[in-house]
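Here is the structure we will look at, set down as structure tokens.
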Amino acid sequence: MNWSTAALYLARALALLTAIPFHEMAHAWASDRLGDPTAKRCGRLSMNPLRHFDPLGALCMILVGFGWAKPVPVAAVQNFRHPRRDMALSAAAGPAANLLLAYVWMVCYKVVYLFGYNPGSVLWQFVMVVLVTMVQVNLTLAVFNLLPIPPLDGSRIFNLLLPARWYFRIMKYERYIMFGLFICLFAGVLDRPLSFLFQNMMTLFDWGTRYIDWLFLLLRA
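Laid out in structure tokens, this is it:
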């Protein structure tokens with residue numbers, strides 16, 4: 001294993017300690033704000049990674065850059081005033097949290113790259129690997145979870161647009177759809193559409209942080 005590969009695995013592990021806990025905590029926070037304290041009572045309103053990690057999901061995140069956490073418990077029917085709407089809002093909070101983190105890490109990446117440029121430093125190279133991995137992991141989690149496929153967050157949002165009978169019919173087969181989703185993932189069926197969405201999001205985030213480039217040029221003038 002060369003230095004760059006070791007740095008990548010370590011960077012993924014560091015990203016794992018922030019991206020997934022922040023995603024799951026956002027679900028718990030949104031659910032609590034919408035009237036369902038179930039996740040909070042289960043200790044999920046926390047940035048402690050151990051409260052959220054699924055061992056296999058964490059290992060996959062480090063090895064292949066994709067993983068998952070334990071699902072946040074939600075008692076939608078009992079506690080939400082508008083179960084389908086509030087479930088969609090709670091689901092949207094996770095990807096939104098990762099998009100926010102991705103933006104923050106993109107800002108950090110550009111600041112370190114432009115204002116601390118030192119390619120001869122091993123430490124600088126490692127920091128750059130960590131920062132770009134933080135951006136990639138958070139964007140990957142956001143893009144993937146927004147797919148309208150059960151049990152992903154996007155399905156909870158998309159189902160808000162469906163008639164109730166369709167929604168409950170789809171939810172009845174959620175376990176089988178999830179199994180099919182994993183097969184598609186490991187077979188590479190979703191690689192092209194996910195890559196397309198990811199690249200466009202990276203372009204959007206680069207454009208959204210362009211003011212840092214302009215500030216750098218202004219200060220150097």
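Numbering (full-length UniProt numbering), first residue to last: 1 to 221.
C-beta atoms are modelled at their ideal positions from N, C-alpha and C, and glycine is treated no differently.
State the CB to CB distance for the pair GLY94 and HIS52, rounded to an integer number of angstroms; the pair is presumed to be in contact (CB under 8 Å).
In fact, because the Cβ distance is near 11 Å, the residues do not count as touching under 8 Å.
Using 8 Å for Cβ pairs, my map puts ALA19 next to ASN98. What's the rounded Cβ distance? Indeed they touch by this definition, with Cβ atoms about 6 Å apart.
Would you check if the region 78–90 and the region 25–45 touch, i.e. whether three or more CB-CB distances between them fall below 8 Å?
Because the criterion of three Cβ pairs below 8 Å is met, the region 25–45 and the region 78–90 touch.
Point to revise | Proximity winner among VAL74, TYR103, LEU101, relative to LEU89 (alpha-carbon distances) | key: The shortest C-alpha separation from LEU89 is found at VAL74.
In terms of residue numbering, what span does the alpha helix (DSSP H) encompassing LYS110 cover?
-> Here the alpha helix (DSSP H) through LYS110 covers 83–115.
Please list, in chain order, all residues of the same chain as TYR9 whose beta carbon is under 7 Å from its beta carbon, the five residues on each side excluded. Sequence-distant Cβ neighbours of TYR9 in its own chain, meaning closer than 7 Å and more than five residues away, are ILE62.
Endpoints, the alpha helix (DSSP H) within which THR133 is located: Per DSSP, the continuous alpha helix (DSSP H) segment holding THR133 begins and ends at 122–145.
Leaving out five residues on either side along the sequence, give the residues of the same chain with a beta carbon under 6 Å from the beta carbon of ARG156.
-> By the criterion of a C-beta distance shorter than 6 Å, ARG156 is surrounded in its chain by MET87, ALA88, ALA91, once the five residues flanking it on both sides are discounted.
Indicate the three-state DSSP secondary structure (helix, strand or coil) for PHE53 in the structure shown.
Of the three classes helix, strand and coil, the one that applies to PHE53 here is strand, per DSSP.
Checklist entry - What is the C-beta distance between TRP29 and LEU45, in whole angstroms, given that I count them as a contact (C-beta under 8 Å)? => result Contact flag correct, Cβ pair sits at about 6 Å.
Helix, strand or coil at ALA69 according to DSSP, with G and I counted as helix: Collapsing the DSSP output to three states places ALA69 in a strand.
Outcome for ALA58 when other beta-carbon atoms lying within 10 angstroms are tallied against a minimum of 16: ALA58 comes out buried.
7 Å Cβ shell around PRO163 - same chain, five flanking residues per side excluded: Apart from sequence neighbours up to five positions away, no residue of its chain approaches PRO163 with a beta-carbon distance below 7 Å.
Excluding the 5 residues preceding and the 5 following LEU152 in the sequence, name in chain order all residues of the same chain whose CB lies nearer than 6 Å to its CB. The answer, listed in chain order, is ASN145.
Quick check: what's the CA-CA separation for MET128 versus LYS110? Taking the straight line from one Cα to the other gives about 9 Å.
Got a sec, what are the start and stop residues for the alpha helix (DSSP H) residue 222 sits in? The chain is shown from 1 up to 221; residue 222 falls before or after that span and cannot be answered.
Nonlocal neighbours in the same chain, by C-beta distance under 6 Å from ALA142, ignoring five residues either side:
Here the set comprises PRO95, ASN98, LEU99.
| message | If distances are taken between C-alpha atoms only, which option among LEU123, PHE196, THR133, LEU147 comes closest to ALA13? | response | For the residues LEU123, PHE196, THR133, LEU147, the minimum Cα distance to ALA13 belongs to THR133.
| Sorted by chain position, which residues of the same chain lie with C-beta nearer than 7 Å to LEU131's C-beta, five sequence neighbours on each side aside? | So the qualifying residues of the chain are TRP105, CYS108, TYR109, VAL112.
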